[in-house]
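Residue numbers (the numbering used here), protein chains in the order written: chain A, 64 to 179; chain B, 9 to 124.
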């Protein structure tokens, strides 16, 4: 089956530190890959995505590169801010034959806390 | 414009009671998904609607769970004879069309269900 494994938190960093959240996946086909973020008290929102191998998704200073050879999509940011404190979810989407459903398969989430 | 909305935001019920959870997707979004997130777990797919049809119900955990969608708009997730293991946050997401796995899903704030 399809699955996503991401590093479990919580992760606590000081402001301006470098962030890496590891994410690896297994998939029966060729997935699209996503990072979603959930800020405190808010709903899930898309942070970035990549749809094919070697693509780099980027947004708000965050980056992740689709690595097919290592089945990974690690999230990085060079200098985190207090406002980046949130829960980050790695996810994949595939075409499921017959139903045309592009359901997302999520990792368990990584809680990031950034302290001043 | 309005995002995805869900009601109620919180629901506390007694074991054995039925509950209905509502989702109002973004206007014009034909694809609608229900997910749930149990404590300490990632999001689990429940059901997918394309228009008013549900071609993928593979994630519904038991026959106590059902969902419908009307007018290619509002969706209701019904849980009959609730059990304590049904306690979770139930999330609804919509996307413009199921045109591909790269399509962004927009999430509502969720309904937190607690079964006593």
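Every residue gets a Cβ at the ideal spot worked out from N, C-alpha and C, and that includes glycine.
What three-state label does DSSP hand residue i in the structure shown?
i                      : result
residue 93 of chain B  : helix
residue 66 of chain A  : strand
residue 146 of chain A : helix
residue 77 of chain A  : strand
residue 155 of chain A : strand
residue 70 of chain B  : coil
residue 131 of chain A : coil
residue 75 of chain B  : strand
residue 113 of chain B : coil
residue 99 of chain A  : strand
residue 49 of chain B  : coil
residue 35 of chain B  : coil
Return no unless some Cβ of chain A is closer than 9 Å to the Cβ of residue i.
i                      : result
residue 16 of chain B  : no
residue 121 of chain B : no
residue 11 of chain B  : yes
residue 101 of chain B : yes
residue 43 of chain B  : yes
residue 39 of chain B  : yes
residue 69 of chain B  : no
residue 113 of chain B : yes
residue 49 of chain B  : yes
Against chain B, does residue i count as a neighbour if the rule is that its beta carbon must be under 9 Å from one of theirs?
i                      : result
residue 106 of chain A : yes
residue 109 of chain A : yes
residue 77 of chain A  : no
Considering Cα atoms alone, identify which of the options is closest to residue i.
i                      : options                      : result
residue 82 of chain A  : A:110, A:122 and A:137       : A:137
residue 47 of chain B  : A:121, A:96, A:171 and A:176 : A:171
residue 109 of chain A : A:95, A:134 and A:101        : A:101
residue 85 of chain B  : B:92, B:77 and B:91          : B:77
residue 66 of chain A  : A:176, A:175 and A:167       : A:167
residue 111 of chain B : B:34, B:102 and B:60         : B:102
residue 116 of chain A : A:128, A:123 and A:122       : A:128
residue 44 of chain B  : B:54, B:38 and B:35          : B:54
residue 74 of chain B  : B:24, B:81 and B:65          : B:65
residue 50 of chain B  : B:96, B:116 and B:122        : B:96
residue 12 of chain B  : B:60, B:87, B:35 and B:121   : B:35
residue 30 of chain B  : B:104, B:20, B:61 and B:81   : B:81
Starting from residue i, trace the beta strand (DSSP E) in both directions and tell me its first and last residue.
i                      : result
residue 120 of chain A : 119–122
residue 178 of chain A : 173–178
residue 18 of chain B  : 18–21
residue 169 of chain A : 167–169
residue 139 of chain A : 138–140
residue 10 of chain B  : Careful: residue 10 of chain B lies outside any beta strand (DSSP E) and carries neither H nor E.
residue 87 of chain A  : 86–89
For residue i, count the other beta carbons within 10 Å of its own beta carbon; 16 or more makes it buried, fewer makes it exposed. Which is it?
i                      : result
residue 120 of chain A : buried
residue 107 of chain A : buried
residue 124 of chain B : exposed
residue 98 of chain B  : buried
residue 56 of chain B  : buried
residue 26 of chain B  : exposed
residue 113 of chain B : buried
residue 90 of chain B  : buried
residue 83 of chain B  : buried
residue 23 of chain B  : exposed
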